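Visitor:
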Amino acid sequence: MLFCYTAFDFDIQSDLALPAQQSAGVRKRPMLAIREDKTLGERPWTGFDFRMSNYLEFSILSSERWLLRCYDEASGREALLEIDAAGFLRWFCRGGYLEGDLSRLIVYQGLPALVLLRGSAVLHGAMFEHNDVGFAIVGASGRGKSTTTAALLCAGAGLVAEETLVLRESTKGTWSVLPGLPHLALSRSLAARMVEREILPEWEREHAGEEKVRWRWHTEQSASPRPPAPIQALLVLEPREPQQRTWSATRLAIPNAIHAAGQHGYWSAQLPAQYRAVSYRAALQIASSVPVFRLTLPDGVERLFDQAPALLHSLVELTQPVEASHG
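Residue numbers for the sequence shown, in our numbering: 44 to 370.
1. Please name the residue in G199, P315, P222 whose C-alpha comes closest to that of R353.
2. Might you give, ordered along the chain, the residues of its own chain that have their beta carbon closer than 6 Å to the beta carbon of F53, omitting 5 neighbours on each side?
3. Mapping the DSSP letters down to three states, classify W310 as helix, strand or coil.
4. Please say whether I180 and A193 have beta carbons closer to each other than 8 Å?
5. Could you name the residues of the same chain whose beta carbon sits closer than 7 Å to that of Q313, not counting the 5 residues immediately before and after it, in chain order?
6. Give the secondary structure of P155 by DSSP, where H, G and I count as helix, E and B as strand, and everything else as coil.
7. Indicate whether F8 and V158 have their beta-carbon atoms separated by less than 8 Å.
8. For the alpha helix (DSSP H) that contains R147, what are its first and last residues?
9. Cβ atoms of R86 and E100: under 8 Å apart, would you say?
10. Classify E284 as helix, strand or coil using the three-state DSSP reduction.
11. Report the residue from V150, E116, A117 whose alpha carbon sits nearest the alpha carbon of L124.
12. Under DSSP, the alpha helix (DSSP H) around D54 begins and ends at which residues?
13. Whole angstroms are fine: how far does the CA of P270 sit from the CA of L132?
14. Quick check on the DSSP output: the beta strand (DSSP E) that includes T49 runs from which residue to which?
15. Using only the alpha-carbon positions, how far apart do I329 and S163 sit?
16. Determine the closest residue to E172 out of A272, T339, R288, with distance taken between C-alpha atoms.
17. Looking only at its own chain, which residues have a Cβ that is under 6 Å from the Cβ of N174, when we skip the five neighbours before and after it?
18. Report the residue from A128, L295, E205, E284 whose alpha carbon sits nearest the alpha carbon of P334.
19. In the DSSP assignment, find the beta strand (DSSP E) that holds Y323 and state where it starts and stops.
20. Per DSSP, what kind of secondary structure is P273 in: helix, strand or coil?
21. Just confirm the distance between the C-beta atoms of A326 and G308, as a whole number of angstroms; I'd bet it's less than 8 Å.
22. What residue range is occupied by the uninterrupted beta strand (DSSP E) comprising L227?
23. Shortest alpha-carbon distance to Y98 belongs to which of D115, L280, W109?
24. Which residues in the same chain have their Cβ closer than 8 Å to the Cβ of G216, if we skip the five residues on either side of it in sequence?
25. Report the rounded CA-to-CA distance for A122 versus Q363, giving the unit in angstroms.
26. Starting from R294, trace the beta strand (DSSP E) both ways and give me its first and last residue.
27. With a threshold of 7 Å on Cβ separation, who are the neighbours of R120 within its own chain once the five nearest residues in sequence on each side are excluded?
28. Please say whether A204 and G223 have beta carbons closer to each other than 8 Å?
29. If you draw a straight line from the C-alpha of K188 to the C-alpha of G182, how long is it?
30. Within the same chain, show all residues whose beta-carbon is closer than 6 Å to that of H167, passing over the 5 residues directly before and after it, in chain order.
31. Below 8 Å on the Cβ atoms is my contact criterion, and I expect F135 with G84 to pass it. Report the Cβ-Cβ distance as a whole number of Å.
32. Terminal residues of the continuous beta strand (DSSP E) containing L99?
33. So who's on the other strand from M95, going by DSSP bridges?
34. Taking Q275 as the reference, give the member of F336, G143, S106, G130 with the closest Cα.
35. Could you tell me the distance, in whole angstroms, from the CA atom of S213 to the CA atom of S118?
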């Protein structure tokens with residue numbers, strides 16, 4: 044059985060159910076075919092060229108093909124994904140690898156890898172819109188990008204993408220983000236507290252491994268793909284201070300903004316140089332053309348959600364041009 048989906052800039056036909064938006068049929072966008080290929084299991088694993096973690100490794104087969112291996116030594120579970128820039132993704136798994144884990148691996152690792160292989164820029168972060176202003180959020184893992192986005196969505200913002208920001212350059216040298224999957228990955232403890240407070244009544248719980256819970260934000264289904272959302276401000280999350288009672292935002296000078304933005308390309312530290320260049324160029328141009336703010340958040344989830352409406356309003360005000368005074 045074949046399933047039809049849309050994700051990032053792809054129309055997808057897959058023999059595996061994916062955590063992506065289902066589509067009634069093919070639209071006029073690049074096609075991606077996802078199929079099982081048992082011959083992948085017959086190839087010996089000769090080592091990796093770069094790795095994302097202790098269990099996620101990539102081998103560069105050619106300038107247009109990567110092989111991704113996800114391996115758990117303790118259980119012997121293994122998944123292999125061959126990613127071809129021409130628009131093919133072949134998979135094979137063994138050792139009791141769960142179908143749900145495989146589908147998430149394809150969407151959250153395989154598709155970003157394909158985007159990078161095709162020469163596109165990708166940032167690691169989240170993006171939301173409010174009052175026709177698009178905000179991208181970046182920051183080191185664990186800083187609270189997903190939590191902040193969840194709080195701002197509850198305050199009235201609209202979700203564009205989370206975790207993977209696939210960028211598209213316009214003719215004017217500005218950058219936009221392709222609408223992504225309507226999911227946020229939250230820690231289980233945070234998700235439980237949100238449920239207790241009934242903060243997210245519109246969300247649907249989806250498990251994503253042992254450490255995270257994915258929440259699906261219900262978005263309206265559209266007959267046509269949503270257009271890319273222009274980045275009009277960049278928020279760099281900084282560590283919060285213990286007992287910090289409120290949020291603060293400080294605009295960065297352009298040299299500091301470029302340095303901060305350049306640190307958050309998707310897998311930037313691990314990727315071979317030829318695949319990092321476009322993401323670094325995008326970060327440089329974004330930081331040079333839109334306001335970049337260092338954002339610190341209040342200590343405690345309750346404070347963050349309570350202050351989210353005021354934060355959202357203030358962020359929009361900070362991006363407005365200052366009118367010249369007339370004496």
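Backbone N, C-alpha and C fix where the C-beta goes; we use that ideal spot for every residue, glycine too.
These numbers were taken from a predicted model, which means no experiment stands behind them.
Guide: On the basis of the coordinates in this document:
1. The identity of residue 353 in the sequence shown is Ala, whereas the question assumes Arg. Nearest neighbour of A353 by Cα position, chosen from G199, P315, P222, turns out to be G199.
2. Same-chain partners within the cutoff: P73, L75.
3. W310: coil per DSSP, three-state reduction.
4. The answer is no: Cβ separation not under 8 Å.
5. Closer than 7 Å at Cβ, skipping near neighbours: F93, R94, M95.
6. P155 falls in the helix class under three-state DSSP.
7. Shown here, the chain extends from 44 to 370; a query on residue 8 therefore has no answer.
8. 142-148 is the extent of the alpha helix (DSSP H) around R147.
9. Cβ distance not < 8 Å, so E100 and R86 don't count as in contact.
10. E284 sits in coil when the DSSP states are folded into three classes, being neither helix nor strand.
11. Of the listed residues, the one whose Cα sits closest to L124 is V150.
12. Not the alpha helix (DSSP H): D54 falls in the beta strand (DSSP E), residues 53-57.
13. Looking at the backbone, the Cα of L132 and that of P270 are separated by about 25 Å.
14. Element bounds for T49: 46-50.
15. Their backbone Cα atoms lie some 15 Å apart in a straight line.
16. It is A272.
17. In its chain, beyond the 5 residues on either side, V359 have a beta carbon closer than 6 Å to the beta carbon of N174.
18. When the alpha-carbon of P334 is set against those of A128, L295, E205, E284, the nearest one is in L295.
19. For Y323, there is no enclosing beta strand (DSSP E); the enclosing alpha helix (DSSP H) covers residues 316-332.
20. When secondary structure is reduced to three states using DSSP, P273 falls in the strand class.
21. The C-beta distance from A326 to G308 rounds to 6 Å, short enough to fall under 8 Å.
22. Residues 226-230.
23. For Y98, the closest alpha carbon among the candidates D115, L280, W109 is that of D115.
24. Here the set comprises Q328, S332.
25. Taking C-alpha positions only, A122 is separated from Q363 by approximately 48 Å.
26. Start and end: 291-294.
27. Around R120: G138, G139, Y140.
28. Yes, Cβ-Cβ distance for G223 and A204 is below 8 Å.
29. If I take the Cα positions, the gap works out to 7 Å.
30. Contacts found: H307, Y309.
31. Confirmed, Cβ separation roughly 5 Å.
32. For L99, the enclosing beta strand (DSSP E) has its first and last residue at 99-105.
33. Paired residue(s): none; M95 is not in a bridge.
34. For Q275, the closest C-alpha among the options F336, G143, S106, G130 is that of F336.
35. Taking the straight line joining both Cα atoms gives about 46 Å.
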